Amino acid sequence: MSKSNKPGVKIGANGRNTKGSSYGLSPARFVLYAFLILAACFFAIPLLIILMTSVKSMDEIRAGSIFTLPSAITFEPWAKAWSGACTGLDCKGIGPGFLNSIRIVIPGMLLSVLIGAFNGYVLAFWRFRGSGLVLTLLMLGIFIPYQIILYPLVKIFSAVGMYGTLLGIIVIHAVLGMPMMTLIFRNFYSAIPVELFKAARIDGAGLFRIFVSIMLPLSTNILVVAVILQFTHIWNDYLLGLIFAGRENWPMTVQLNTLVNASMGEQEYNVNMAATMLTALPTLLVYFLSGRYFVSGITAGAVKG
Amino acid sequence: MPSFFPRHATAKMVLLPAVLVTLVCFYGTSLWTIYISMTPSEMLPNYKFVGLQQYIRLFHTPRWDTAYANMAIFGILMISGTLLLGTFLAILIDSKVRFEGVFRTILLYPLSMSFIVTGVAWQWLLSPTTGIEHFVRSIGWSDFSFDWIVQPERAIYTLVFAGVWHSSGLVMVLMLSGLRGIDQEIWRASQVEGIPKIKVYLHIVLPMLRPLILTSVVLLTTAVVKGYDLVVAMTGGGPGYASDLPGLFVVSTAFERSNIGLASAGAVVMVVSIVAALAPYLYIEISRKDK
Chain A
12 MSKSNKPGVK IGANGRNTKG SSYGLSPARF VLYAFLILAA CFFAIPLLII
62 LMTSVKSMDE IRAGSIFTLP SAITFEPWAK AWSGACTGLD CKGIGPGFLN
112 SIRIVIPGML LSVLIGAFNG YVLAFWRFRG SGLVLTLLML GIFIPYQIIL
162 YPLVKIFSAV GMYGTLLGII VIHAVLGMPM MTLIFRNFYS AIPVELFKAA
212 RIDGAGLFRI FVSIMLPLST NILVVAVILQ FTHIWNDYLL GLIFAGRENW
262 PMTVQLNTLV NASMGEQEYN VNMAATMLTA LPTLLVYFLS GRYFVSGITA
312 GAVKG
Chain B
4 MPSFFPRHAT AKMVLLPAVL VTLVCFYGTS LWTIYISMTP SEMLPNYKFV
54 GLQQYIRLFH TPRWDTAYAN MAIFGILMIS GTLLLGTFLA ILIDSKVRFE
104 GVFRTILLYP LSMSFIVTGV AWQWLLSPTT GIEHFVRSIG WSDFSFDWIV
154 QPERAIYTLV FAGVWHSSGL VMVLMLSGLR GIDQEIWRAS QVEGIPKIKV
204 YLHIVLPMLR PLILTSVVLL TTAVVKGYDL VVAMTGGGPG YASDLPGLFV
254 VSTAFERSNI GLASAGAVVM VVSIVAALAP YLYIEISRKD K
């Protein structure tokens with residue numbers, strides 16, 4: 012560290028003025044951190060409260076407030092939420108809902124991602140007259156709110172016998188997710204040098220071959236992003252699941268809402284909160300484990316250009 | 004030299020299913036709904052054309068009026084709240100803070116949760132008998148009241164609160180990526196010139212973030228219009244219909260009250276309103292880009 016001629020200015024190794032900034036906290040920095048910590052509390056506290064409530068006994072909840080720390084931790088509400096709580100007519104807990112959600116999410120996610128990848132690839136590399144129009148048609152689909160297409164979709168699905176079935180809800184998710192997925196992949200493939208594509212064509216590879224042997228292997232990043240996006244989106248869905256899945260296939264979100272908002276008699280808040288945690292955990296875990304991929308998903312979906 | 008963009012029959016064939024599905028499921032259905040909104044259909048479709056009769060009926064339905072007004076209130080407040088908080092947080096995080104990753108993780112996680120989960124959680128927190136009001140009273144302030152969630156006039160604002168909590172992380176992430184993309188030269192130059200940071204933010208940085216602000220507004224508006232899950236879980240549209248939203252109105256009128264003509268009219272008005280609200284904004288922003 013060298014000292015320049017001016018008093019009060021220290022030039023550090025990186026060439027910048029380091030006075031006061033290495034170990035001390037200037038008032039401005041203090042306020043900065045204070046705001047950030049405040050914000051972090053605002054965002055984190057609801058989750059902490061749900062967690063705390065879910066491990067208290069009902070007596071403890073009645074005696075204290077939402078901010079009281081649990082004195083004795085019990086997981087009984089969790090067990091009850093999973094297998095014993097009443098969601099509408101059955102009292103089997105939301106465990107069945109969890110299985111339903113898995114059965115909906117995994118095929119739905121795979122289907123919509125693959126369709127989107129394939130469509131995006133074709134639209135990015137195989138330009139033909141009208142391919143721009145196709146892309147625009149798909150893009151506009153992203154903005155159409157469900158409410159204006161919901162009833163006719165129900166009629167269509169009834170007509171083909173898919174209404175109220177597991178297959179129906181999977182197909183609906185694939186169809187409604189197609190615009191967004193196609194867009195994301197198309198943007199991704201547009202950034203791949205077209206020389207690669209041309210070289211493959213000169214070698215004689217056809218449309219499918221190029222996709223499977225060349226483009227897919229290059230797409231691991233965007234595939235992960237798309238999978239995370241779709242997993243979160245489909246897992247968190249409520250309305251489509253409620254309408255298209257059929258009573259036996261209701262996803263966890265629907266069961267959670269029925270459990271909390273539609274049950275008769277005294278509310279067991281700890282069970283409600285345990286059920287909430289159980290429903291939130293899969294996507295939360297995906298979020299915490301995926302870090303920058305989750306963020307990429309948001310920005311990829313958002314940067315439409 | 005062979006042209007690399009010949010007829011491409013295979014490509015067209017391969018995209019055909021996707022195009023057909025899109026045309027039928029997105030556009031065909033929308034057109035059907037628009038037509039039905041001009042018929043006296045109730046439980047079953049009735050294809051007799053009656054013009055704008057359903058729309059007139061719609062505007063005389065008190066529940067619709069409340070829902071529509073709520074959409075405006077909720078929309079404007081939630082979008083501006085999320086924009087302000089998200090941008091503010093992005094600016095804070097961009098200032099080379101330690102533990103940036105931790106802060107970012109905490110600020111963004113609500114976005115990974117369903118609106119149902121968000122709604123249920125905030126319903127619990129804001130419930131007067133067990134939530135915040137109860138807590139504050141228990142520590143001595145016995146007149147404290149925060150029962151907005153059960154007050155007809157105030158319930159919609161609780162929805163705004165939950166919505167901002169859920170989605171500010173989205174705006175923060177977008178704005179942060181924009182801020183990170185700003186050339187460091189600008190900061191150095193402004194430091195040399197002695198321009199106070201506030202002015203740099205207001206007059207230089209914010210205009211540069213315009214496209215991202217546009218994206219955020221569009222994304223958030225789409226979410227507001229679709230708004231269904233949050234209302235259902237948090238207030239159920241209540242008390243009564245006080246916190247109803249058009250999205251809820253349309254679904255409930257179509258499926259529970261078996262009145263698809265009226266519901267369709269509501270859906271059409273919803274979409275038209277959003278287009279009308281966004282179009283001028285989009286137009287201004289896009290023509291600005293061309294300058």
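Line by line, the protein sequences are chains A and B.
The numbering used here puts the first residue of the first sequence at 12, with every later residue one more than the last.
The numbering used here puts the first residue of the second sequence at 4, with every later residue one more than the last.
Think of the CB as a built atom: it goes at the ideal place given N, C-alpha and C, for glycine as much as any other residue.
Remember, it's a predicted structure, so these values are computed and weren't measured experimentally.
Could you name the residues that DSSP lists as bridge partners for residue i?
i	result
residue 98 of chain A	A:101
Tell me whether the beta-carbon of residue i lies closer than 7 Å to the beta-carbon of residue j.
i	j	result
residue 219 of chain B	residue 177 of chain B	yes
residue 76 of chain A	residue 137 of chain B	yes
residue 37 of chain B	residue 275 of chain B	no
residue 174 of chain B	residue 86 of chain B	yes
residue 85 of chain A	residue 66 of chain A	yes
residue 260 of chain A	residue 177 of chain A	yes
residue 182 of chain B	residue 74 of chain B	no
residue 174 of chain A	residue 168 of chain A	yes
residue 89 of chain B	residue 171 of chain B	yes
residue 158 of chain B	residue 245 of chain B	yes
residue 196 of chain A	residue 127 of chain A	yes
residue 47 of chain A	residue 95 of chain B	yes
residue 61 of chain A	residue 263 of chain A	no
residue 242 of chain A	residue 120 of chain A	yes
residue 291 of chain A	residue 120 of chain B	yes
residue 106 of chain A	residue 89 of chain A	no
residue 243 of chain B	residue 61 of chain B	no
residue 156 of chain A	residue 195 of chain B	no
residue 206 of chain B	residue 137 of chain A	no
What does residue i reach in chain B if we use C-beta pairs closer than 7 Å?
i	result
residue 287 of chain A	120, 123 and 124
residue 157 of chain A	229
Would you give the residue range spanned by the alpha helix (DSSP H) that residue i belongs to?
i	result
residue 35 of chain B	32-39
residue 149 of chain B	Where residue 149 of chain B is concerned, there is no enclosing alpha helix (DSSP H), given that its DSSP letter is neither H nor E.
residue 240 of chain A	231-246
residue 114 of chain B	Per DSSP, residue 114 of chain B belongs to no alpha helix (DSSP H) and is neither H nor E.
residue 348 of chain A	What is shown of chain A runs 12 to 316, which leaves residue 348 of chain A out entirely.
residue 164 of chain A	161-170
residue 248 of chain B	Unbroken run through residue 248 of chain B: none, as it is neither H nor E.
residue 178 of chain B	158-183
Among residues of its own chain, excluding the 5 on either side of residue i, which ones have a beta-carbon nearer than 6 Å to its beta-carbon?
i	result
residue 49 of chain B	42 and 43
residue 161 of chain B	129, 151 and 152
residue 32 of chain A	Note that residue 32 of chain A scores 47 on pLDDT, short of 50, meaning its location in the model is unreliable; the coordinates nonetheless yield the value given after this. Excluding positions up to five away in sequence, the list is empty.
residue 288 of chain B	217
residue 290 of chain B	none
residue 316 of chain A	Low confidence applies here, because residue 316 of chain A scores a pLDDT of 37, under 50, leaving its location unreliable; read the following figure in that light. There are no such residues.
residue 304 of chain A	235, 236 and 239
residue 183 of chain A	251 and 255
residue 256 of chain B	262, 265 and 266
For residue i, which residues in chain B fall below 8 Å Cβ to Cβ?
i	result
residue 264 of chain A	117, 119, 120 and 232
residue 189 of chain A	21, 24 and 25
residue 181 of chain A	Residues of chain B passing the Cβ test: none, with the nearest at roughly 14 Å.
In its own chain, which residues sit with a C-beta less than 7 Å from the C-beta of residue i, not counting the 5 before and 5 after it?
i	result
residue 226 of chain A	132 and 200
residue 293 of chain A	246
residue 118 of chain A	181
residue 84 of chain B	163 and 167
residue 264 of chain B	39, 40, 42, 43, 44, 45 and 57
residue 6 of chain B	Bear in mind that a pLDDT of 47 at residue 6 of chain B, under 50, signals an unreliable position, so the number given afterwards is only what the model happens to contain. Correct list: empty, nothing qualifies.
residue 298 of chain A	305
residue 33 of chain B	none
residue 95 of chain A	102 and 104
Residues of chain A with a CB under 9 Å from the CB of residue i: which are they?
i	result
residue 100 of chain B	40, 43, 44 and 47
residue 51 of chain B	Going along chain A, no residue has its Cβ under 9 Å from residue 51 of chain B, so there is no contact; the nearest lies around 18 Å.
Identify the contact partners of residue i in chain A, using a Cβ-Cβ distance below 7 Å as the criterion.
i	result
residue 11 of chain B	137 and 139
residue 29 of chain B	152, 155 and 160
residue 180 of chain B	310
residue 15 of chain B	139
residue 32 of chain B	160, 163 and 164
Which chain A residues are close to residue i, counting only those with a beta carbon under 8 Å from its beta carbon?
i	result
residue 137 of chain B	76 and 77
residue 268 of chain B	Here the premise fails: no neighbours, minimum Cβ distance about 11 Å.
residue 285 of chain B	What residue 285 of chain B touches in chain A: nothing, since even the nearest Cβ is about 11 Å away.
residue 128 of chain B	57, 60 and 77
Taking C-beta pairs closer than 9 Å, name the residues in chain B that residue i reaches, listed in chain order.
i	result
residue 116 of chain A	Under the 9 Å cutoff, chain B gives no residues; its nearest Cβ is about 12 Å from residue 116 of chain A.
Might you give, ordered along the chain, the residues of its own chain that have their beta carbon closer than 8 Å to the beta carbon of residue i, omitting 5 neighbours on each side?
i	result
residue 91 of chain A	104, 279, 282 and 285
residue 153 of chain A	190, 191 and 194
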